[in-house]
Each structure stands twice: as C-alpha cells, then as structure tokens.
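*Asks:*
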Amino acid sequence: MGKPEFNGGRGGGGGRGGGRGGGGRGGFGGGRGGGGGRGGFGGRGGGGGRGGFGGRGGGGRGGGRGRGGPGGGRGRGGGGFKGGKQVIIEPHRHPGVFIARGKEDALVTKNLVPGSEVYGEKRISVENDGEKVEYRVWNPFRSKLAAAIMGGVDAIHMPPGSRVLYLGAASGTTVSHVSDVVGPEGLVYAVEFSHRSGRDLINVAKKRTNIIPIIEDARHPLKYSSHPLLTLYHLLYYLFLYSRMLVGMVDCIFADVAQPDQARIVSLNAQHFLKNGGHFVISIKASCIDSTAQPEAVFASEVKKLQADKLKPQEQLTLEPYERDHAVVVGIFRAPPKKA
Numbered sequence: 024m025g026k027p028e029f030n031g032g033r034g035g036g037g038g039r040g041g042g043r044g045g046g047g048r049g050g051f052g053g054g055r056g057g058g059g060g061r062g063g064f065g066g067r068g069g070g071g072g073r074g075g076f077g078g079r080g081g082g083g084r085g086g087g088r089g090r091g092g093p094g095g096g097r098g099r100g101g102g103g104f105k106g107g108k109q110v111i112i113e114p115h116r117h118p119g120v121f122i123a124r125g126k127e128d129a130l131v132t133k134n135l136v137p138g139s140e141v142y143g144e145k146r147i148s149v150e151n152d153g154e155k156v157e158y159r160v161w162n163p164f165r166s167k168l169a170a171a172i173m174g175g176v177d178a179i180h181m182p183p184g185s186r187v188l189y190l191g192a193a194s195g196t197t198v199s200h201v202s203d204v205v206g207p208e209g210l211v212y213a214v215e216f217s218h219r220s221g222r223d224l225i226n227v228a229k230k231r232t233n234i235i236p237i238i239e240d241a242r243h244p245l246k247y248s249s250h251p252l253l254t255l256y257h258l259l260y261y262l263f264l265y266s267r268m269l270v271g272m273v274d275c276i277f278a279d280v281a282q283p284d285q286a287r288i289v290s291l292n293a294q295h296f297l298k299n300g301g302h303f304v305i306s307i308k309a310s311c312i313d314s315t316a317q318p319e320a321v322f323a324s325e326v327k328k329l330q331a332d333k334l335k336p337q338e339q340l341t342l343e344p345y346e347r348d349h350a351v352v353v354g355i356f357r358a359p360p361k362k363a
C-alpha cells in the first residue's frame with residue numbers, strides 16, 4: 024500500500040521557506056534524508072514531502088488525493104467535517120490509522136466508543152457493507168503523534184493489539200487516539216503527573232477500557248511498576264488477563280513530557296518496562312531542553328543522550344508546520360546483557 028500524500032492548495036510543497044527545526048527527515052548512521060529531506064515543509068503551512076498536509080495551515084483548501092490503501096467504506100461527514108455528501112475511508116500505511124477522503128482529507132482513527140467524543144473533535148459516520156462505523160478526526164495541530172504521521176514518519180510502532188506506555192498523557196487527547204489505534208485487544212498505560220489533567224484523563228479512561236490512567240511522576244517508574252488499577256470497572260474488565268494489575272513489559276513507549284531531563288525519563292522507563300527490541304517515539308521541544316541553543320543542536324544533544332542509554336535512534340523528523348521547533352525521534356531499545 025502506498026503512502027498517502029496530502030497535496031494541494033496554496034502553500035503545497037515548494038512554496039516559500041522550508042520548515043525549521045530539524046530540516047525534514049534525518050536518518051541515523053548515514054540514512055536517508057538530511058536537511059530538507061522528505062517531510063520538509065514549504066510555503067505557508069502547506070505540507071511537502073510524503074504525508075504532508077495540503078492547504079493553508081494544514082487541512083485547509085485543496086487537500087489532494089495522493090496514494091492510499093484499498094478504498095474503504097463510504098459515508099457522510101458528521102459533526103461539521105467538510106467531506107461533502109460522500110466520504111471515503113482508506114487505511115493509512117500505519118495500521119490502525121485511516122484517511123478520510125472528501126472535499127478535504129483528514130487523518131482519522133476508528134472510534135473505540137461510537138457516539139462519544141473526547142475533546143470536541145469531529146466524527147464521521149461511514150456505512151460499510153450495511154454496518155455503520157464511526158471515525159474521529161485526528162488534528163495534527165493538537166497532537167504531536169498526528170503531526171509526526173502527517174510529516175511522513177516511517178513507523179509509530181503501535182499496531183492494533185500492542186501495549187503502549189504513554190508518558191505525559193495530559194488530559195488524554197492523543198491518548199484517546201492511541202486507544203483507538205491499538206484497539207480493544209491493546210492497552211495504553213497513560214502516565215500523567217498533574218492531578219488536574221489527571222482528572223480529565225481518568226474520565227476518558229472510564230469509557231475506554233483499554234486505557235489505564237496512572238497519576239504519578241514519570242521520573243519514578245518504580246512507583247507504578249505495581250500500580251493498582253484505578254477503578255473497579257477496570258479491575259473486573261482485566262481480571263481474566265494476566266499481569267494487568269501492574270505495568271508489565273510494553274511494545275512501545277511514547278513520550279511527550281517536555282522536561283529538560285526527558286531523555287533520562289525515557290531511559291528509566293525503558294529499562295523497567297520496554298521489552299528488548301521494543302521501540303520508543305519521543306517528542307522533543309527544543310526550548311524546554313535549552314532555550315538558548317539552536318533547535319538542531321538541542322535535538323542532536325538529546326540523540327546522544329539516548330544512544331548512551333541503549334536507546335538507538337533510527338529516525339528524526341521535524342514537526343513543522345504543526346509545532347514550531349519540535350522534533351520526533353523514533354528508535355529501538357537494546358537492553359544491556361545481564362551480568363553473570
């Protein structure tokens with residue numbers, strides 16, 4: 024299946040100015056890309072390269088067609104989505120993620136709780152073989168992970184059925200979409216330190232049984248290595264599944280904690296919970312690490328810190344134009360050999 028492209032509108036690839044903060048995709052160890060490689064962004068908010076988002080400000084006029092997977096169902100755009108009378112849902116190359124194609128294209132996830140929204144997002148109801156399926160629009164301007172997908176990241180390592188440790192869950196906006204992506208057979212351990220945001224996160228988890236909210240400091244993973252489930256509902260739901268009473272080994276860690284010691288936080292959690300050969304996806308905000316240095320220098324410094332802790336970066340991607348001076352680093356974890 025080809026990689027969908029969102030072309031079109033004013034500001035499509037090749038307009039004024041490339042994206043700042045990382046210069047598109049940069050491989051590690053002589054990989055593909057470098058400054059201004061695939062995924063660079065040109066013009067006024069228009070997306071260039073693979074997976075760029077068309078129109079002004081992303082999702083504006085003229086989202087193009089691009090390549091996608093086999094056509095899915097057709098349906099009506101709901102809740103203000105400008106898809107016209109007919110919306111076609113196509114699978115994205117990332118399992119569990121979809122493209123809604125209409126007058127405007129949009130990134131969407133299949134709603135785990137049909138009829139329910141989390142943060143006021145638009146919903147699209149589609150009829151496929153006589154069965155109605157609901158999708159939720161995933162806004163890349165409100166989600167770092169969605170921005171990375173729109174920028175053309177190679178892999179997010181969260182297929183349906185996988186277990187994800189999400190650090191910096193906030194009120195659950197992106198967590199809810201990860202919940203959709205991993206599906207009912209998957210699991211999302213969502214860690215958030217703020218009690219105010221944590222209350223919203225818990226409310227999201229009440230409807231989404233594959234989210235385990237953990238209100239703790241991600242700097243102290245031992246505090247939730249045996250964290251009890253927060254509601255009796257979750258306890259009953261997972262009673263028949265082994266080791267659901269605590270954070271076990273996970274397939275992927277996603278981190279969006281925006282702290283100066285973010286690399287250390289990810290490393291500590293990887294050593295406790297990430298399986299050998301598991302992956303990590305980290306959103307780095309340059310100004311939170313060092314507001315006096317150039318973003319490119321900050322990103323390079325964080326990559327070196329990760330490498331020192333057995334976290335091997337494989338891909339780096341700027342989040343322009345959705346987030347300024349942000350980058351996402353994706354990599355694999357190789358645990359050190361146990362001492363005899």
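Quick note on my numbering: the sequence shown kicks off at 24 and runs consecutively.
We put the CB at the ideal spot given by N, CA and C, even for glycine.
1. Could you tell me the distance, in whole angstroms, from the CA atom of F356 to the CA atom of G153?
2. Specify the secondary structure class of Q285 as computed by DSSP and reduced to three states.
3. Less than 7 angstroms between C-beta atoms, sequence neighbours within five positions excluded: which residues of the same chain meet that for R231?
4. In three-state terms, what does DSSP make of T315?
5. Per the DSSP calculation, K133 is bridged to which residue(s)?
6. Excluding five sequence neighbours on each side, which residues of the same chain lie with their C-beta closer than 8 angstroms to the C-beta of P336?
7. Does the stretch 160-169 come into contact with the stretch 291-303, if we say contact requires no fewer than three beta-carbon pairs (one atom in each stretch) closer than 8 angstroms?
8. Less than 8 angstroms between the beta carbons of V289 and L340, yes or no?
9. If you run the structure through DSSP and keep just helix, strand and coil, what is A293?
10. If I follow the unbroken beta strand (DSSP E) through I112, where does it start and stop?
11. So A123 and Y158 are in contact, right, with Cβ under 8 angstroms, and what is the actual spacing, rounded?
12. When you compare only the Cα positions, how much space is there between E239 and Q109?
13. Check for me: the beta strand (DSSP E) holding S148 runs from which residue to which?
14. Taking H115 as the reference, give the member of T132, K126 and G125 with the closest Cα.
15. Roughly how many angstroms lie between the CA atoms of G125 and I111, to the nearest whole one?
16. Within 10 angstroms of its Cβ, does M272 collect 16 or more other Cβ (buried), or is it exposed?
17. DSSP state of A278, grouped into three classes?
18. Within its chain, find whatever has a CB closer than 8 angstroms to the CB of G119; leave out the 5 residues flanking it on each side and keep chain order.
19. Pull up the distance between the alpha-carbon of F164 and that of D332, whole angstroms please.
20. With a threshold of 6 angstroms on Cβ separation, who are the neighbours of F367 within its own chain once the five nearest residues in sequence on each side are excluded?
21. Would you decide whether H218 is buried or exposed? Buried here means 16 or more other CB atoms lie within 10 Å of its CB.
22. From what residue to what residue does the beta strand (DSSP E) around V120 run?
23. For E338, count neighbouring Cβ atoms within 10 angstroms of its own Cβ and tell me buried if that reaches 16, exposed if not.
*Replies:* Taking the definition as stated:
1. 44 angstroms
2. helix
3. L135, V136, S199 and S202
4. coil
5. Y158
6. F51, V326, L329, Q330, V352, V353 and G354
7. no
8. In this structure, the beta-carbon distance from V289 to L340 does not fall below 8 angstroms.
9. helix
10. V110 to P114
11. 6 angstroms
12. Rounded to the nearest whole angstrom, the CA to CA distance from E239 to Q109 is 45 angstroms.
13. R146 to N151
14. T132
15. 7 angstroms
16. exposed
17. Looking at A278 - three-state DSSP - the assignment turns out to be strand.
18. The answer, listed in chain order, is T132, K133, M181, P182, P183, D203, V204, V205 and G206.
19. 31 angstroms
20. The chain is shown only over 24 to 363; residue 367 falls outside these bounds and no answer can be derived.
21. exposed
22. No beta strand (DSSP E) contains V120, which DSSP labels as neither H nor E.
23. buried
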